[in-house]
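Asker: My questions all concern the structure below.
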Amino acid sequence: RIGTTRKAVQPSSVAASKHPKGIIQRRIGSVYVVHFLGARKLLRTLTELARMAMRRRAEGLMSKLFVLLSLGASTLALAVEVSGNVTTSTWHSVESPIEIVGDITIGVGQILTIEAGTTIRFNGLYRAIVFGEVQAIGTAASPIVIDGSAWKEWVFDGGTGTLEHVQIFRGGQDTSGAVYVLNNAHPVFRNVLISDSFSSGIRINGGTNPDIENCTIRRSATHGITILNSSATPSISGCLFENNGTQPRLH
643 RIGTTRKAVQ PSSVAASKHP KGIIQRRIGS VYVVHFLGAR KLLRTLTELA RMAMRRRAEG
703 LMSKLFVLLS LGASTLALAV EVSGNVTTST WHSVESPIEI VGDITIGVGQ ILTIEAGTTI
763 RFNGLYRAIV FGEVQAIGTA ASPIVIDGSA WKEWVFDGGT GTLEHVQIFR GGQDTSGAVY
823 VLNNAHPVFR NVLISDSFSS GIRINGGTNP DIENCTIRRS ATHGITILNS SATPSISGCL
883 FENNGTQPRL H
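For the sequence shown, this note's numbering gives the first residue as 643, with consecutive numbering after it.
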């Protein structure tokens, strides 16, 4: 309700504040009661009140939009499930965890890139087989994590690639190693942690020559590294082997 007065209303006589300049307003519920000090200020008063209402409404809409966007982002962040053939692509950390729900294969000519900070989780006795290439480059602050309650192995079968600042947990179930390198594969393992394998940490066979640098292999059920063939020529330097079963750590 908007009313006029013949004489100026003193601010002290009402429980109100001046807004905008020269205007006395009170709020009763959701209604503004405004006393203006001259008919010529009516248009300016209404305009200012309209702007105030629009600003408040806009702020409310923006707040609701932010909530919706946040909920949408949370929905998009749900796990990505992967199985079967993996073509050239990138797994991003924002998609974590990447859920492996079946055996996966990176074929010849295909390149899988795994972003720093990505978590990969095997949901069963599955393996990843690399005939092509994997580039999994993490950092000390944002390692790539490969985990699962019990899963088989990450296999380089003639394939290549680099695993750097990657942490591999609880692989090697029903197989001979959490990581298996064979058939002239030449991957590079640098600053990789392999922990709690159900068999060997790394198994090497078939004339392969992987580079294994500054890696830690601990609590493997059998060996830290198993070398099965004299034609295999791995380069191993700066590695730490801790509490790997009762058999020799390097066999």
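By construction, the Cβ of each residue, glycine as well, lies at the ideal position given by its N, Cα and C atoms.
Applying the criterion that 16 or more other CB atoms from any shown protein chain within 10 Å of the CB defines a buried residue, is S872 buried or exposed?
Answerer: Locating residue 872 in the sequence shown gives position 230, counting from the first residue. Exposed, by the Cβ-count rule.
Asker: I'd like to check one pair, L767 with K794: are the Cβ atoms closer than 8 Å?
Answerer: The residue you call residue 794 lines up with position 152 of the sequence shown. The residue you call residue 767 lines up with position 125 of the sequence shown. Going by C-beta atoms, K794 is nearer than 8 Å to L767.
Asker: Reducing DSSP to helix, strand and coil, say where A778 ends up.
Answerer: To locate residue 778, count along the sequence shown from 1; it is residue 136. In the structure shown, A778 sits in a strand (DSSP, three-state: E or B).
Asker: Look at the Cβ atom of I846, then the Cβ atom of V823, and state whether they are nearer than 8 Å.
Answerer: For the purposes of this step, residue 846 is taken as the residue at position 204 of the sequence shown. For the purposes of this step, residue 823 is taken as the residue at position 181 of the sequence shown. A contact, by the Cβ cut-off of 8 Å.
Asker: Would the C-beta of T760 count as close to the ligand NAP, meaning under 7 Å from any of its heavy atoms?
Answerer: Judged by which ligands are present, the structure shown has none, so any question about the ligand NAP falls away.
Asker: Compare the beta carbon distance of T802 and A827 with 8 Å and say whether it is the shorter of the two.
Answerer: As a position in the sequence shown, residue 802 is number 160, starting the count at 1. As a position in the sequence shown, residue 827 is number 185, starting the count at 1. Going by C-beta atoms, T802 is nearer than 8 Å to A827.
Asker: On the premise that R763 lies in contact with I740, defined as a C-beta separation below 8 Å, what is that separation, rounded to the nearest angstrom?
Answerer: Taking the sequence shown and counting its residues from 1, the one referred to as residue 740 is at position 98. Taking the sequence shown and counting its residues from 1, the one referred to as residue 763 is at position 121. I740 to R763, Cβ: 7 Å. Contact.
Asker: Let me confirm a value: G839 is counted as buried when at least 16 other C-beta atoms fall within 10 Å, else exposed. Which label applies?
Answerer: Taking the first residue of the sequence shown as 1, we reach residue 839 at position 197. First, the residue type needs correcting, since residue 839 is Ser and not Gly in the sequence shown. Per the 10 Å Cβ criterion, buried.
Asker: Determine, using beta carbons only, whether I748 and V728 come nearer to each other than 8 Å.
Answerer: Position 106 of the sequence shown, counted from the start, is the residue given in the question as residue 748. Position 86 of the sequence shown, counted from the start, is the residue given in the question as residue 728. Cβ distance < 8 Å, so I748 and V728 count as in contact.
Asker: Taking Cβ positions, are V830 and D799 nearer each other than 8 Å?
Answerer: Within the sequence shown, the letter at position 188 stands for residue 830. Within the sequence shown, the letter at position 157 stands for residue 799. Taking C-beta atoms as the reference points, V830 and D799 fail to come closer than 8 Å.
Asker: Got a sec? Which residues, its chain only, sit under 6 Å from C857 by beta carbon, not counting five neighbours each side?
Answerer: Looking up residue 857 in the sequence shown gives position 215. Correct list, in chain order: F831, V834 and C881.
Asker: Which residue comes first and which comes last in the beta strand (DSSP E) that contains H828?
Answerer: In the sequence shown, residue 828 corresponds to position 186, counting from 1. Run containing H828: H828 to R832, per the beta strand (DSSP E) assignment.
Asker: Nearest to V722 by CA position, among S731, T730 and S738, is which residue?
Answerer: Locating residue 722 in the sequence shown gives position 80, counting from the first residue. The shortest C-alpha separation from V722 is found at S738.
Asker: Just how far apart, CA to CA, sit T732 and V772?
Answerer: The sequence position of residue 732 within the sequence shown is 90, counting from 1. The sequence position of residue 772 within the sequence shown is 130, counting from 1. So the alpha carbons of these two residues sit roughly 15 Å apart.
Asker: Does chain C have any CB closer than 8 Å to the CB of P876?
Answerer: Absent from the structure is chain C; it holds one protein chain and no more.
Asker: E884: buried (16+ other C-beta within 10 angstroms of its C-beta) or exposed?
Answerer: If you number the sequence shown from 1, residue 884 lands on position 242. With fewer than 16 Cβ atoms within 10 Å of its Cβ, E884 is classed as exposed.
Asker: Within 10 angstroms of the Cβ of V736, are there 16 or more other Cβ atoms? Answer buried if so, exposed if not.
Answerer: On the sequence shown, position 94 is the one that residue 736 refers to. Flag for V736 reads exposed.
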